[in-house]
Ligand code: IVH
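In my numbering, the protein residues as written are 33 to 723.
Okay, here's the thing in structure tokens:
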């Protein structure tokens with residue numbers, strides 16, 4: 033691979049890449065989970081995620097709120113009822129090299145304040161490449177089954193799951209809790225997948241890209257009798273809400289799950305050391321071809337549930353588990369063309385169009401080429417035979433061109449210096465990896481991408497206003513800025529081709545419904561560079577109203593101001609994001625658009641954070657001195673999970689100062705300012721956890 037190593041990226045290059053990665057990964061997630069129809073191989077997808085992780089590890093300030101590291105899977109597709117998971121269904125972080133696994137163990141030990149040699153039992157299991165499912169049993173009977181969806185809400189697939197042969201409709205044996213949510217993986221065996229694809233093709237239907245997509249497609253049939261005709265299997269490896277504990281450790285719970293009638297993941301091993309774990313990894317990799325189903329790595333998990341509890345989660349994944357992925361699979365194919373896509377902020381992104389090729393069971397026909405420098409460095413030319421790679425389970429990458437197979441007379445690729453959409457100059461700022469279209473408001477691609485973002489599900493969520501309508505409305509001059517959307521009249525639409533009275537009415541209604549919007553969604557809808565949903569929420573919670581936000585951002589333009597310090601003091605907002613936000617709100621054209629929008633809308637304060645209900649939600653907490661029952665990192669993570677902000681210094685705004693042993697000046701300052709001071713035990717009592 034000849035892309036710039038993460039260690040050599042400038043911050044500008046890193047910001048550009050992270051943005052591109054977030055976008056690409058989101059698109060591939062949607063294609064994969066939402067439509068069961070991936071564009072790229074798992075290995076390539078993994079490579080993108082890994083790249084994203086590597087860059088984020090080096091530039092933690094640049095982590096985008098909508099980064100793939102902050103999300104789980106895709107949202108539920110329509111057609112099924114929705115199930116809200118009592119406990120979120122999370123994902124796993126990935127390890128690729130042995131060192132990543134060693135670091136994972138080190139992190140756990142440090143977090144728990146354990147010595148390097150202290151015993152730590154780890155369960156290692158094969159990682160099945162299927163889709164996760166949550167099964168709710170009440171008095172031993174299967175009553176509900178749900179897909180992961182976006183982690184918070186999934187699809188209700190109960191009727192379909194009841195046709196899956198190897199999961200118990202009634203729990204066997206005894207000792208199961210009154211209510212238990214059992215989680216695991218639904219998958220299709222390789223031989224069944226090949227046979228199914230043969231049947232699909234005979235029937236003139238599109239074959240599935242891989243067993244995982246075949247399993248997902250089969251499970252999501254609206255007609256349960258179709259699911260019943262597809263051989264699906266299930267293995268249990270986890271659980272959600274349970275009315276009584278299932279046991280003290282995973283190893284023990286595995287035996288119990290088996291006794292209740294579940295298949296559990298095999299192979300598996302209870303490991304006592306890093307060496308044990310890596311040995312299991314290598315043995316499993318060797319056995320991989322003999323298994324009836326696809327596995328894409330192994331999962332290591334802390335066995336002891338008490339320790340798991342203390343370790344908790346970071347955004348989308350538990351700290352107590354990691355997936356150690358198997359290496360990339362590669363293939364050669366021809367690069368047919370390089371397309372340039374223009375995004376919301378004008379960034380020109382090159383996409384490789386490939387002769388479709390199967391890499392590790394997945395058909396790959398597109399891969400991103402990152403940026404101009406990347407293409408030049410690899411000297412990738414149209415017509416070249418290229419090596420395409422998918423690492424474990426990620427997005428495809430063009431690794432390199434095969435020099436020997438280069439057709440005669442081929443020429444180096446010349447990156448366009450004009451926007452392929454509007455023809456404006458496309459320029460690169462010094463130090464930036466990305467070339468951007470300077471067309472701004474006249475560039476159809478940018479305008480349309482911004483408007484698409486504005487109406488999208490997590491922003492204004494205007495139903496019936498699809499991408500193709502936006503393009504047509506924009507082209508015909510009906511909408512130029514977002515505020516124009518709210519000036520659309522029935523008579524603008526109902527006479528247009530493809531629109532009837534009813535659909536036009538529906539659109540006007542949904543535009544009307546979207547006028548009431550929470551401040552966080554409104555901020556997100558503005559499409560400020562680097563400011564995704566999480567940043568929008570932070571701003572909304574901190575400034576409460578649009579007027580206050582505008583006023584504060586105007587003041588924050590002066591880097592010496594208190595407003596600037598306040599913005600930078602928000603945990604989760606780094607200098608790069610802050611600069612973009614201030615830049616956006618101080619730009620006169622944006623101020624006009626904001627004023628125009630504000631008139632058309634009823635903007636409400638952001639909803640309370642998810643930890644609402646805890647006395648510490650929304651409070652700022654300062655930890656000082658040496659804590660006894662937890663490390664500082666653990667204390668901080670726990671507080672943040674409950675919706676508190678953790679700060680490093682005490683001010684009038686501090687809600688609580690928690691003092692450990694040898695607390696110094698911060699405790700004194702708290703007393704002076706009249707801020708509530710708590711001992712560690714008092715803090716634990718407050719957040720309702722026994723010391
Ligand atoms: S443990 C908190 N164990 O891999 C999540 N997951 O890429 C605990 N998976 O979301 C999950 N085999 O759907 C676990 N033996 C195994 C697994 C496994 C497959 C899936 C699971 C997870 C995904 C992450």
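From the three backbone atoms N, C-alpha and C, an ideal C-beta is built for every residue, glycine too.
(1) So residue 130 and residue 401 are supposed to be a Cβ contact under 8 Å. How far apart are they, rounded?
(2) Sorted by chain position, which residues of the same chain lie with C-beta nearer than 6 Å to residue 469's C-beta, five sequence neighbours on each side aside?
(3) Is DSSP giving residue 352 helix, strand or coil here?
(4) Would residue 364 pass as a contact of residue 449 if the rule is Cβ separation under 8 Å?
(5) Taking Cβ to Cβ, would you say residue 587 is nearer than 8 Å to residue 618?
(6) Considering only the beta carbon of each residue, do residue 349 and residue 122 sit closer than 8 Å?
(7) Would you kindly report the start and end of the unbroken beta strand (DSSP E) that includes residue 385?
(8) Can you give me the C-alpha to C-alpha distance between residue 429 and residue 189, rounded to a whole angstrom?
(9) Do residue 585 and residue 333 count as a contact pair if the criterion is CB distance below 8 Å?
(10) Is any heavy atom of the ligand IVH found at a distance shorter than 7 Å from the C-beta of residue 299?
(11) Distance, Cα to Cα, residue 45 vs residue 406?
(12) Using three-state DSSP, classify residue 121 as helix, strand or coil.
(13) Mapping DSSP to helix, strand and coil, what is residue 518?
(14) Here's the rule: buried if 16 or more other CB atoms are within 10 angstroms of the residue's CB, otherwise exposed. What is residue 682?
(15) Since residue 433 sits in a beta bridge, which residues does DSSP pair it with?
(16) Quick check: is any heavy atom of the ligand IVH less than 7 Å from the C-beta of residue 285?
(17) Cβ-heavy atom distance between residue 214 and the ligand IVH below 7 Å?
(18) Would you grab the beta carbon distance between residue 53 and residue 83 for me? Rounded to a whole angstrom, and I think it's under 8 Å.
(19) For residue 278 versus residue 564, is the C-beta distance shorter than 8 Å?
(20) Is residue 656 near residue 601, with beta carbons less than 8 Å apart?
(21) What does residue 154 pair with, by DSSP beta-bridge criteria?
(22) Once DSSP output is grouped into helix, strand and coil, what is the label at residue 86?
(23) Please tell me whether, using a cut-off of 7 Å, the distance from the CB of residue 123 to the nearest non-hydrogen atom of the ligand IVH is below it.
(24) Taking the continuous beta strand (DSSP E) assigned at residue 537, which residues delimit it?
(25) Select from 503, 39 and 483 the residue whose C-alpha is nearest the C-alpha of residue 494.
(26) Could you check whether the Cβ of residue 36 sits closer than 7 Å to any heavy atom belonging to the ligand IVH?
(27) Below 8 Å CB to CB, which residues in the same chain sit around residue 47 once its five sequence neighbours on both sides are set aside?
(28) Using only alpha-carbon positions, find the residue among 55, 670 and 73 that is nearest to residue 362.
(29) Rank 63, 232 and 127 by C-alpha distance to the C-alpha of residue 78 and give the top, closest one.
(30) Assuming residue 550 contacts residue 636 under a Cβ cut-off of 8 Å, what Cβ separation, rounded to an integer in Å, is found between them?
(31) In chain order, what residues of the same chain lie with their CB nearer than 8 Å to the CB of residue 511, ignoring the 5 residues before and after it?
(32) Does the Cβ of residue 607 lie closer than 7 Å to at least one heavy atom of the ligand IVH?
(33) Keeping to the same chain, check which residues put their C-beta closer than 8 Å to that of residue 582; ignore five residues upstream and five downstream.
(34) So is residue 285 buried or exposed if we call it buried at 16+ other beta carbons inside 10 Å?
(35) According to DSSP, what are the bridge partners of residue 170?
(36) Relative to the C-alpha of residue 336, which candidate in 369, 320 and 302 has its C-alpha closest?
So, from the data block:
(1) Going by Cβ atoms, the distance from residue 130 to residue 401 rounds to 30 Å, so no, they are not a contact pair.
(2) 374, 378, 451, 456, 458 and 475
(3) coil
(4) no
(5) no
(6) yes
(7) 380-391
(8) 34 Å
(9) no
(10) no
(11) 11 Å
(12) coil
(13) coil
(14) buried
(15) 418
(16) no
(17) no
(18) 6 Å
(19) no
(20) no
(21) 303 and 334
(22) helix
(23) yes
(24) Element bounds for residue 537: not the beta strand (DSSP E) but the alpha helix (DSSP H), 533-545.
(25) 483
(26) no
(27) 91, 94, 562 and 608
(28) 73
(29) 127
(30) 5 Å
(31) 483, 502, 505, 517 and 520
(32) no
(33) 617, 623 and 626
(34) buried
(35) 173 and 211
(36) 302
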